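This note's numbering puts the first residue of the sequence shown at 815, with every later residue one more than the last. Think of the CB as a built atom: it goes at the ideal place given N, C-alpha and C, for glycine as much as any other residue. A quick note: this is a predicted structure, and the numbers were derived from the prediction, not measured.
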Amino acid sequence: MKKIALTLLASLLAAAAAFADEPAEAPAADAQAPVRMITEATFPPYEFRQGTDVVGIDVEICKAIAAELGRGLVVEDVEFDSVLPSLIAGKAELAAAGITVTEDRKMKVDFSVPYVRTGIVLVYAKADPCEDGASAAGKRIGVQNGTTSADYVREQLGQEPEMFDSPASAFAALKQGKVDVVIADIDPAKNLIKGEPDYDISDFLTVEEYAVAIKKGQPELLATVNKVIEGLQDSGRLDEIVDEWTAKADALQSAGEAAE
Ligand code: GLN
């Protein structure tokens, strides 16, 4: 009897402690429900489809954040220009999609500490090289909708880009001669030209940093996200994740080439 009473007391205390830990700013969230990550899965090695699953570096980072919160992870895949609006609308707790931190986006969402330093590059046919921004000016430039590549074309080159729903569809248009050059983030660009000896990429046009975005006004969640990212960086685990998923995305791209 005494043992039962003590067990009961222990579970009451545990329940009270759990209740006290509940982040005050998110009272509606079910602590046991999986964390929802929103992304756009045409961006290897950060997020891409392996069969029906969305996998990649960003998914691994968000899984680690969910694990820190004691929860599972579900991934939702939308168009890139819907990622932040969906986050703001409360459809997910985490947005990770190779999202570059920009001043404009910082006004709408909160960003974690950055987890990669990167940038955009030109993707061009070796037969028609285009190795710097100035050489791209006046050409038909393909970019993914809503990206910093689109911003670059408008703001630095003063022209309208040709819009595509993924870096891969912009690259397909380049191969068909529908655009003269593509601008995309370096890692998906490198992935695109795997097994494409007639194409190459330029040096960086910009320096950018990716971070995880969350809805504004959640300091506890932001602190947890930052702690997890810093932990992955300090332990060397992030480098392993990057290497592992870059190799997997490249293998998938090469297999796709072979199947063509
Ligand atoms: N890093 C770029 C941006 O944030 C592209 C991201 C993407 O296409 N997934 O605009």
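A buried status is given to D872, since no fewer than 16 other beta-carbon atoms sit within 10 Å of its beta-carbon.
Taking 8 Å as the cut-off, the Cβ atoms of E976 and R968 do not count as close. In the assembly as shown, Q1067 is a buried residue. Its beta-carbon has 16 or more other beta-carbons within 10 Å.
For a cut-off of 8 Å, the C-beta gap from A910 to I875 is around 6 Å, short enough to register as a contact.
With a cut-off of 8 Å on Cβ pairs, the region 1040 to 1052 is not in contact with the region 953 to 973, counting fewer than three such pairs. Looking at the backbone, the Cα of K1029 and that of N1005 are separated by about 31 Å.
Taking each of T916, D918, V930, D891 in turn and checking the Cα distance to K905, the smallest one comes out for D891.
G1009: not part of any beta strand (DSSP E); DSSP gives it neither H nor E. If you keep only unbroken alpha helix (DSSP H) runs of at least 4 residues inside the region 972 to 1000, you get 981 to 989. Annotation for I1043: the continuous alpha helix (DSSP H) segment containing it runs 1033 to 1049. By the neighbour-count criterion, in which a residue is buried when 16 or more other Cβ atoms sit within 10 angstroms of its Cβ, G1031 is exposed. When rounded, the separation of the alpha-carbon atoms in R863 and W1059 is 12 Å. Taking the CA atoms as reference points, V1026 sits about 12 Å from K920. Between the alpha carbons of V897 and D924 lies a gap of roughly 14 Å.
For G1050 and P928, the gap between their C-alpha atoms comes out near 15 Å. In the DSSP assignment, A878 falls within the unbroken alpha helix (DSSP H) covering 871 to 882. Beta-carbon to beta-carbon, L988 and V937 are separated by about 7 Å, close enough to satisfy the 8 Å threshold. When the five nearest sequence neighbours on each side are left out, the beta carbons in the same chain lying within less than 6 Å of the beta carbon of V915 are those of F925, E1023, A1025, in order along the chain.
The three-state reading of DSSP puts F1018 in coil, since its state is none of H, G, I, E or B.
The continuous alpha helix (DSSP H) containing R919 extends over residues 917 to 920.
Looking at the backbone, the Cα of G947 and that of I997 are separated by about 10 Å. Nearest neighbour of V993 by Cα position, chosen from L1036, V868, A1003, R954, turns out to be R954. When rounded, the separation of the alpha-carbon atoms in L908 and V888 is 10 Å.
Per DSSP, A950 is one residue of the alpha helix (DSSP H) stretching across 947 to 950. Not a single heavy atom of the ligand GLN lies less than 7 Å from the C-beta of Q846. Separation of the CB atoms of T853 and V868 is rounded to 7 Å, and the pair is thereby assigned contact status at 8 Å. About 47 Å separates the Cβ atoms of G886 and P943, ruling out a contact at the 8 Å cut-off.
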